[in-house]
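Enquirer: So the number in this note's numbering is just where the residue sits in the sequence shown, counting from 1, plus 119. All C-beta atoms, glycine included, are put in the ideal place defined by N, C-alpha and C. There's a structure below that I have some questions on.
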Amino acid sequence: MAPHLRIGVDVGGTNTDGVILDPSRSSESDRGIVAWKKSSTTKNPSDGINNVISEMFRESNVNPEDVASVTIGTTHFINAVVEMDQSRLARVAVLRLCGPFSKEIPVGVDWPPKLRNIICAYRGLVDGGLEIDGTLISELDEDEIRRQCEVIKSKGIRSIVVAGVFSPIDVVYRQEERAAEVIREVYPEADVVISKDVANIGFLERENAAVLNAAILSFARRTIHSFQNAVGSLKLNCPVFLTQNDGTILPASSAAQVPIRTFSSGPTNSMRGAAFLTQGLDKEAMMVVDIGGTTTDVGLLLKNGFPRQAAAYSEISGVRTNFSYPDVRSIGLGGGSIVRVADDATVSIGPDSVGYQIQTKALVFGGDVATATDYTVLADTAIQIGDRARVEAAKLESHLSAFKAEVKSKIERVIDVMKTSPEDIPVVLVGGGAVIAPDALKGASKVIKPQWSGVANAIGAATARVSGVVDSIESTESRTLAQVIEELSKRAIDQAVSNGALRDTVTIAEVESLALQYIADKSRVVIKAVGDFDFSRTDLSGVPEALTNGGNAPSEEANGSNEESRKGIVDDNSAPDKIVFTKSYIDGYKPKVVNRQWFISETDLDWISIGCYILGTGGGGSPYQHMLRLREMLRAGATVRVVSPWDLKDKDIVACGGGKGSPQVSIEKPYGDEMMESQTVLYEYLKVKPDAVISLEIGGGNGLQGLILGASTNMDIPCVDGDWMGRAYPVSWQTTPVVFEKKATMIPSTISDGNGRVMIMTKARTELEVERAFRAALSQMGSHVGCAKGPVSGSNTKTWVVENTVSLSWRIGRAVALSRCTNQVDTVAESIIEEVGGPKSAKVLFKGKIVGVERITRMGHAYGEVIIESASEDGKGPVERIIIPFKNENIFVKKIGPDGQEEILAVVPDLVCVIDAQNGEAIGTQEYRYGLLVVVLAITASEKWTSTARGIEIGGPRGFGFNDLEYKPIGSFEKPRSVIDEFDVST
């Protein structure tokens, strides 16, 4: 008989689990499980793998020749990063193909300093990169790559990452691939990682993932080779696979090149195992609750049998990345969780655990620590483990009901957080600690404890499939979206086949499309294809010997202890750790305000950034990248000052600047000199120097532009505490100067793409004409530019400004930070309301989950609506729903009652803000996705918008095309409190 059995092994922190499975018998009552084993994880994971497989062979008499594959899931590689183990991490050099962009951004700019110091060793900037439409930023400079390679080689760095702007869509020039070829010609002994092989759209996050991947390459190769040796020593002549984060497998040779894809395979394996063990049930989404010795991991298994993936970004040991990662929520509840009884008889469980020591420390095994397992054994006589008499002697019965209630409550709460609608959902309990969970749970349509659930993770590894993923930005100008999806689906299928799938078994598992903001006829499309492995393939099973024993193992020199090897490193790795906010720190913190000038600190910057995104009302783009830039400026010694608009002189010249275009561009193309260049060109033309600068809008990324421009060496002027919107609006003619003046008042204006193209508009009749002209030019300038609006006088600034909005952002951010550190995020919206004037000025409109998102792009703007649902506290009352239409920014909130009756709760110019109920962060319209728990609040707009008919005409519903809606304020406007007025220390 041909080899037909599959072995799955999952190496966890406490246990190594194994299973031998016959897929041809999966529909039988035993699910085709030939043997299974659970044993303690060994220090060397290869020994544990060998032990588990050997024991299963002894117990089942399986012939090794009948085994078709061995698939391993391991946390070994991510542990090297989490533990910041310098002996397992190599130093990495990065070559960016970026043209004039990103020069102000060090590699690892947002990393924990210790990890950054271990890994991030060099950065080189090279001409290259693409625009969002696939055209070149600049041609690849191969000579510069050769020069950079010589520098890297001289420093003894042997791991190199190549990261090109918009490389994931580069199917024509293949710049990253060509750069890698040049590097190998010059420096053949180096490891080269190209970023597009590791992650998708999102430049800094993709670069981060590629750098982490490069840092563990040598260690991963040695480890994977040891896995293969362990398998080979058992006379198994079959391919070895590793499971990756999305529930599919990688051949060992591929995993040795992209080990980062295995980082979170443990929870995914359990979820895939649960899908296998519950086959035969109706195809529906289900919640998988994996209870281990220390934690309970909960994730949503979609109808397609794969875990729901996390949002756009995931953090690994404090490093922000964007590769595929399961959306899993963990709580401190497991079989080894320590149970304590307070004086008032209240029972608490965990989060601390005896973990792998449960067989010596738990009462049932002769120890002296009461654990969740002890209480469970006491409650269920059918559980035959340890010595029940020892538990009975501990007299735990009086607290048993409270224990059961607490376990039930903990699991129900985390399930409710992870659910995507108020409706009940099947819950599958797996993991060695599943016995502690009850048989019925609120929110569960049924609770399933399948047989072999204790080794679901190993089963998931044995049954994992092969995938191919395509993530691309495509034009729909000459093709329909359906045609684009059809074409990309073929590419995804080809990718899966290339990865080892049998073509006849490949199907499309996931399709996601997102129209790009501010860009007409462009959509980002992500497609995933999955299929069974083609066991006739012989080219994917091994790690080449040359790669396992090469000279790139982390060494004393490679890890940076050799001082000579660290000379000339571009990036400064001595940055301080990010401030950890505590209640005492926040309560005691006072901003530095001297002589009516507010000197911004990193703490101020953190809070202002949070507030700016919330005031963005869904638009404006994330301030994150701009925050990083300003933080680097502060650390380099820049002075960032804020002044009150009322301290301006009437004849002062006040500049204004910001970004114009699609936030999707800034996600992938790091900033360059476009903001400053537009200002420089404008003021050289005007032959004057401004005295202060004001942000165009406080909402989103532009809210920090006034601070950045003011602190730059070219200007060195203070930023005004205010802006022209008090929020974010989709177009720059929706500003307060336009409310007060019908003619164009901020002329001349300039735009720059930072790549050699600058436009200056000297005359226009209205700001609307300026907007239309610049928007028309955007598509030919990379769909994102820096814009310098013409200066206004100090006198006009005081008339038109929405005042104290930098202060307001600071106060909102501080409220969010305080809510987090005091574990009161559930009332963060109420804390924000207190900072914006109290209940008379703002209100919480709704709390619920996003259950639907629709998007289309029209005239370069992202239009759509998000649907949010909420159920009553007991889950039995009527379901309520709201709909929020948006045009880049949220426009209004419409409530739909159980009887279908509609009510408008809030409408522009009042601010409609959607925040993440889990952390208090703003959620942009481009980030809306099914299942997010959110809070919707409304804030009364400034009287600069609401005191005149023209203000309501421009900034109200008619300004968004909703002519049948009438603006009704949700409350009365309260002027934001000035930080300068409150904290000024005058000499």
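By how many angstroms is the C-alpha of residue 334 removed from the C-alpha of residue 678?
Expert: On the sequence shown, residue 678 is found 559 positions in, with the first residue counted as 1. On the sequence shown, residue 334 is found 215 positions in, with the first residue counted as 1. The predicted model places residue 678 with a pLDDT of 37, which falls under 50 and marks its position as unreliable, so this point remains unresolved.
Enquirer: Cutting at 6 angstroms between CB atoms, please list the residues of its own chain near residue 816, excluding the five before and the five after it.
Expert: Residue 816 sits at position 697 when you count from the first residue of the sequence shown. For residue 816, where only same-chain residues beyond five positions count, the Cβ hits under 6 angstroms are 842, 844, 847.
Enquirer: So, for residue 957: in the same chain, excluding its five sequence neighbours on each side, which residues have a beta-carbon less than 8 angstroms away from its beta-carbon?
Expert: Translated into positions along the sequence shown, residue 957 becomes position 838. Once the five neighbours on either side are set aside, the close Cβ partners of residue 957 are 1093.
Enquirer: Among 870, 654, 925, which one has its Cα closest to the Cα of residue 898?
Expert: Reading the sequence shown from its first residue, position 779 is the one you call residue 898. Of the candidates 870, 654, 925, the one whose C-alpha sits nearest the C-alpha of residue 898 is 870.
Enquirer: Given residue 178, which residues of its chain have a CB within under 8 angstroms of its CB, disregarding the five upstream and five downstream residues?
Expert: Against the sequence shown, residue 178 aligns to sequence position 59. Here the set comprises 154, 156.
Enquirer: I'd like to confirm something about residue 740: is its beta-carbon nearer than 7 angstroms to some heavy atom of the ligand NAD, or not?
Expert: Absent from the structure shown: the ligand NAD. Ligands present: none.
Enquirer: DSSP has residue 779 in a bridge; who is on the other side?
Expert: Counted from its first residue, the sequence shown places residue 779 at position 660. According to DSSP, which records beta bridges pairwise, residue 779 is partnered with 904.
Enquirer: Would a C-beta distance cut-off of 8 angstroms place residue 1032 and residue 1058 closer than the cut-off?
Expert: The count along the sequence shown starts at 1 and reaches residue 1032 at position 913. The count along the sequence shown starts at 1 and reaches residue 1058 at position 939. Yes, they are a contact pair.
Enquirer: Can you list, in chain order, the residues of its chain whose CB lies under 7 angstroms from that of residue 123, leaving out five sequence neighbours each side?
Expert: As a first step, residue 123 must be located in the sequence shown, where it is residue number 4. Excluding sequence neighbours, residue 123 sits near 141, 143, 185, 187.
Enquirer: Can you give, in chain order, each stretch of the alpha helix (DSSP H) that sits fully within the stretch 141-193 and has at least 4 residues?
Expert: Whole alpha helix (DSSP H) segments, 4+ residues: 164-179.
Enquirer: Using only the alpha-carbon positions, how far apart do residue 935 and residue 169 sit?
Expert: Translated into the one-based positions of the sequence shown, residue 935 becomes position 816. Translated into the one-based positions of the sequence shown, residue 169 becomes position 50. If you take the alpha carbons of residue 935 and residue 169, they lie about 50 angstroms apart.
Enquirer: Taking contact to mean 3 or more Cβ pairs, one atom from each stretch, closer than 8 angstroms, check whether the stretch 235-253 and the stretch 200-214 are in contact.
Expert: Segments in contact, yes.
Enquirer: State the Cα-Cα distance for the pair residue 875 and residue 724, rounded to the nearest angstrom.
Expert: Indexing the sequence shown from 1 puts residue 875 at position 756. Indexing the sequence shown from 1 puts residue 724 at position 605. Their Cα atoms are separated by approximately 31 angstroms.
Enquirer: May I have a chain-ordered list of the alpha helix (DSSP H) segments no shorter than 4 residues that lie completely inside the stretch 718-749?
Expert: Within the stretch 718-749, the complete alpha helix (DSSP H) runs of at least 4 residues are 721-734.
Enquirer: Please go through the stretch 281-366 and give each complete alpha helix (DSSP H) segment of 4 or more residues, from N-terminal end onward.
Expert: Here the runs fully enclosed are 294-305, 322-334, 336-352.
Enquirer: Please report the straight-line C-alpha distance between residue 339 and residue 579, rounded to a whole angstrom.
Expert: Your numbering for residue 339 matches position 220 in the sequence shown. Your numbering for residue 579 matches position 460 in the sequence shown. Whole-angstrom Cα-Cα distance: 22 angstroms.
Enquirer: Please identify the residue among 965, 970, 310, 304 whose C-alpha is closest to the C-alpha of residue 280.
Expert: The residue labelled residue 280 in the question sits at position 161 within the sequence shown. Out of 965, 970, 310, 304, 310 has the C-alpha closest to the C-alpha of residue 280.
Enquirer: Is the CB-CB distance between residue 728 and residue 742 below 8 angstroms?
Expert: Working through the sequence shown from its first residue, we reach residue 728 at position 609. Working through the sequence shown from its first residue, we reach residue 742 at position 623. In this structure, residue 742 lies closer than 8 angstroms to residue 728 by Cβ.
Enquirer: Would you be able to state if there are at least three C-beta pairs under 8 angstroms between the stretch 759-767 and the stretch 876-888?
Expert: The answer is no - the stretch 759-767 does not touch the stretch 876-888, with fewer than three Cβ pairs under 8 angstroms.
Enquirer: Where do the N-terminal and C-terminal ends of the alpha helix (DSSP H) with residue 580 fall, by residue?
Expert: Reading the sequence shown from its first residue, position 461 is the one you call residue 580. Start and end: 575-582.
Enquirer: By the DSSP assignment, the beta strand (DSSP E) with residue 405 in it spans what residues?
Expert: Here residue 405 corresponds to residue number 286 of the sequence shown, with the count starting at 1. Per DSSP, residue 405 belongs to the beta strand (DSSP E) from 405-410.
Enquirer: Going along the chain, which residues of its own chain have a beta-carbon closer than 6 angstroms to the beta-carbon of residue 227, five neighbours each way excluded?
Expert: Within the sequence shown, numbered from 1, the residue matching residue 227 stands at position 108. Result list for residue 227: 235, 239, in chain order.
Enquirer: Which residues bound the alpha helix (DSSP H) around residue 802?
Expert: Start at 1 with the first residue of the sequence shown, and residue 802 comes out as number 683. First-last of the alpha helix (DSSP H) with residue 802: 793-805.
Enquirer: Quick one: Cα of residue 74 to Cα of residue 840, how far?
Expert: Because the chain in this structure spans residues 120 to 1106, residue 74 falls outside the shown range and cannot be described.
Enquirer: Leaving out five residues before and five after residue 925 in sequence, what residues of the same chain have Cβ atoms less than 6 angstroms from its Cβ?
Expert: Walking along the sequence shown from the start, residue 925 turns up at place 806. Answer for residue 925: 761, 840, listed in chain order.
Enquirer: Who pairs with residue 428 in a beta bridge, going by DSSP?
Expert: Counting from 1 along the sequence shown, the entry for residue 428 is found at position 309. Answer is 445.
Enquirer: With distances taken from CA atoms, which of 217, 426, 360, 466 is nearest residue 323?
Expert: Taking the first residue of the sequence shown as position 1, residue 323 is located at position 204. Of 217, 426, 360, 466, the residue nearest in Cα terms is 217.
Enquirer: Just to confirm before moving on: does the CB-CB distance between residue 507 and residue 483 stay below 8 angstroms?
Expert: Taking the first residue of the sequence shown as position 1, residue 507 is located at position 388. Taking the first residue of the sequence shown as position 1, residue 483 is located at position 364. For residue 507 and residue 483, yes; Cβs fall inside 8 angstroms.
Enquirer: Rounded to a whole number of angstroms, what is the C-alpha to C-alpha distance between residue 563 and residue 546?
Expert: Mapped onto the sequence shown, residue 563 falls at position 444. Mapped onto the sequence shown, residue 546 falls at position 427. So the two alpha carbons sit approximately 6 angstroms from each other.
Enquirer: Going by alpha carbons, who is nearest to residue 199 out of 350, 722, 781, 342?
Expert: Position 80 of the sequence shown, counted from the start, is the residue given in the question as residue 199. Nearest of 350, 722, 781, 342 to residue 199, Cα basis: 342.
Enquirer: What three-state label does DSSP hand residue 915 in the structure shown?
Expert: To locate residue 915, count along the sequence shown from 1; it is residue 796. Three-state result, residue 915: helix.
Enquirer: For residue 611 and residue 371, what's the separation of their Cα atoms in angstroms?
Expert: Here residue 611 refers to the residue found at position 492 of the sequence shown. Here residue 371 refers to the residue found at position 252 of the sequence shown. Between residue 611 and residue 371, the C-alpha separation is close to 21 angstroms.
Enquirer: Grab me the residues of residue 522's own chain with a C-beta within less than 6 angstroms of its C-beta, minus the 5 sequence neighbours each way, in chain order.
Expert: For the purposes of this step, residue 522 is identified with residue 403 of the sequence shown, where counting begins at 1. Taken in chain order, the residues that qualify are 466, 494.
Enquirer: Determine the extent of the alpha helix (DSSP H) in which residue 270 is found, giving its start and end residues.
Expert: Within the sequence shown, residue 270 is the residue found at index 151, counting from 1. From DSSP, the alpha helix (DSSP H) with residue 270 extends over 261-273.
Enquirer: Check the C-beta distance from residue 1079 over to residue 1010 and give it rounded, since I have them as a contact under 8 angstroms.
Expert: To locate residue 1079, count along the sequence shown from 1; it is residue 960. To locate residue 1010, count along the sequence shown from 1; it is residue 891. That pair is a contact at about 5 angstroms.
Enquirer: Between the stretch 496-503 and the stretch 407-416, can you find at least three pairs of beta-carbon atoms closer than 8 angstroms?
Expert: Result no; under three Cβ-Cβ pairs closer than 8 angstroms.
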